[in-house]
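In the UniProt record's numbering, the protein residues as written are 1 to 273.
Glycine is no exception: its CB is placed at the ideal position from the N, C-alpha and C atoms.
Worksheet: one structure, shown below.
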Amino acid sequence: MTLPHHRLDGPEDGAPLILGPSLGTSLAVWEPQVPALTRHHRVLRYDLPGHGGEAGGGSAAAPDAEPATVAELASRVLALADHHGWETFRYAGISLGGGIGTHLAVHHPERISSLALVCSSAWFGEPAGWHERAALVREDGTRSLLEAAPGRWFADPERMTGTPLGARLLADLAEADPAGYAACCEAVADFDARPVLSRITAPTLVVAGAADPAIPPTHASELAHGIRASALVRVAGAAHLAGVEQPEAVTEALLSHWDGATPPHPAGERGPA
Numbered sequence: 001m002t003l004p005h006h007r008l009d010g011p012e013d014g015a016p017l018i019l020g021p022s023l024g025t026s027l028a029v030w031e032p033q034v035p036a037l038t039r040h041h042r043v044l045r046y047d048l049p050g051h052g053g054e055a056g057g058g059s060a061a062a063p064d065a066e067p068a069t070v071a072e073l074a075s076r077v078l079a080l081a082d083h084h085g086w087e088t089f090r091y092a093g094i095s096l097g098g099g100i101g102t103h104l105a106v107h108h109p110e111r112i113s114s115l116a117l118v119c120s121s122a123w124f125g126e127p128a129g130w131h132e133r134a135a136l137v138r139e140d141g142t143r144s145l146l147e148a149a150p151g152r153w154f155a156d157p158e159r160m161t162g163t164p165l166g167a168r169l170l171a172d173l174a175e176a177d178p179a180g181y182a183a184c185c186e187a188v189a190d191f192d193a194r195p196v197l198s199r200i201t202a203p204t205l206v207v208a209g210a211a212d213p214a215i216p217p218t219h220a221s222e223l224a225h226g227i228r229a230s231a232l233v234r235v236a237g238a239a240h241l242a243g244v245e246q247p248e249a250v251t252e253a254l255l256s257h258w259d260g261a262t263p264p265h266p267a268g269e270r271g272p273a
């Protein structure tokens with residue numbers, strides 16, 4: 001199995017932490033959180049197939065070999081953890097990256113010591129829409145998505161697209177391999193963890209962007225109510241990439257979760273961060 005393109009930061013003796021990206025972005029999407037998280041964590045960030053360091057055919061698998069289910073993507077993450085000798089690890093994921101974490105927490109609970117789901121969902125909507133997007137990208141490439149992306153990603157797209165990181169993430173989307181991106185769309189289409197959320201035992205933080213049009217906050221509420229040991233934080237002034245648009249609020253929520261300052265509780269909920 002080809003290991004995902006990834007990067008390690010932080011002290012070698014830090015607590016293992018894996019960060020998963022959202023569809024269409026790269027491991028750069030976590031850059032605002034890295035300085036704080038690497039104080040006490042050995043942080044591993046990875047790219048989805050065809051994204052970031054895997055785009056353009058560099059280290060990516062051939063298009064017909066790309067993972068087409070969240071389970072297969074999760075198996076690649078586990079292989080990555082095994083490669084680095086991590087029997088257990090903390091995991092945080094954005095959107096599809098969160099879906100991968102949800103699958104791991106359900107099917108490999110012994111590996112996940114703590115979970116954070118950022119602007120994610122147990123079900124990403126009707127499959128037909130994702131199959132349509134996959135077909136569009138295979139036909140016209142990911143540049144066809146650039147016009148609509150800022151409005152999904154950011155509550156203030158004009159401001160955020162003018163920042164270095166906002167511009168970089170849009171460039172990552174434009175440069176993503178169409179086959180890899182489409183395969184990830186198909187993985188999202190088939191994903192539905194709603195019936196098994198109660199099987200998650202890891203302490204879980206759920207973070208929602210209050211203005212997220214891609215995954216509305218009601219999806220976060222469903223996650224929090226379905227996972228027994230969970231806490232919910234809504235981030236004001238943020239859409240889908242909440243950690244990019246409101247980095248301090250998301251970083252604070254993550255650190256509080258892992259420092260035990262706000263221990264998860266059933267269907268817990270905090271006010272807007």
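Let me confirm a value: residue i is counted as buried when at least 16 other C-beta atoms fall within 10 Å, else exposed. Which label applies?
| i | result |
| --- | --- |
| A65 | In this prediction, A65 has a pLDDT of 49, which is less than 50 and means its spatial position is unreliable; nothing more can be read from the coordinates. |
| R133 | buried |
| G162 | exposed |
| L8 | exposed |
| E54 | buried |
| E126 | exposed |
| T102 | buried |
With a Cβ-Cβ cutoff of 8 Å, do residue i and residue j count as a contact?
| i | j | result |
| --- | --- | --- |
| A28 | L165 | yes |
| P21 | D47 | yes |
| D177 | T25 | no |
| L197 | L232 | no |
| R42 | P11 | yes |
| R143 | A174 | yes |
| G243 | P32 | yes |
Just the Cα atoms here: how many angstroms apart are residue i and residue j?
| i | j | result |
| --- | --- | --- |
| W130 | S95 | 14 Å |
| G209 | W153 | 10 Å |
| residue 307 | W258 | Because the chain spans 1 through 273 in this model, residue 307 falls outside it and cannot be assessed. |
| A239 | C119 | 8 Å |
| V34 | A79 | 23 Å |
| A62 | D192 | Interpretation of A62 is limited by its pLDDT of 41, a score under 50 that renders its predicted location unreliable; the figure taken from the coordinates is listed afterwards. Using only the alpha carbons, I get a separation of about 26 Å. |
| R111 | L44 | 15 Å |
| A128 | D13 | 45 Å |
| R270 | E139 | At R270, the pLDDT of 48 sits below 50, so the modelled position is not reliable; the number obtained from the coordinates is stated separately. Going by the C-alpha atoms only, they are around 43 Å apart. |
| P217 | P157 | 19 Å |
| H84 | V106 | 22 Å |
| S256 | V235 | 14 Å |
| A149 | V137 | 14 Å |
Determine which residues share a DSSP beta bridge with residue i and list them.
| i | result |
| --- | --- |
| H181 | One detail in the question is off: residue 181 reads as Tyr in this sequence, not His. DSSP lists no partner for Y181. |
| R42 | P16 |
| I94 | V118 |
| F89 | I112 |
| R7 | R45 |
| V235 | G209 |
What is the DSSP secondary structure of residue i, counted as helix, strand or coil?
| i | result |
| --- | --- |
| W123 | strand |
| D190 | coil |
| L73 | helix |
| D13 | coil |
| A65 | Note that A65 scores a pLDDT of 49, beneath 50, so its modelled location is shaky and nothing firm can be said. |
| T102 | helix |
| S230 | strand |
| L205 | strand |
| L169 | helix |
Relative to the ligand FAD, is the shortest distance from any of its heavy atoms to the C-beta of residue i smaller than 7 Å?
| i | result |
| --- | --- |
| A171 | Inclusion of the ligand FAD in the displayed structure is not the case, the ligand content being empty and no account of it being possible. |
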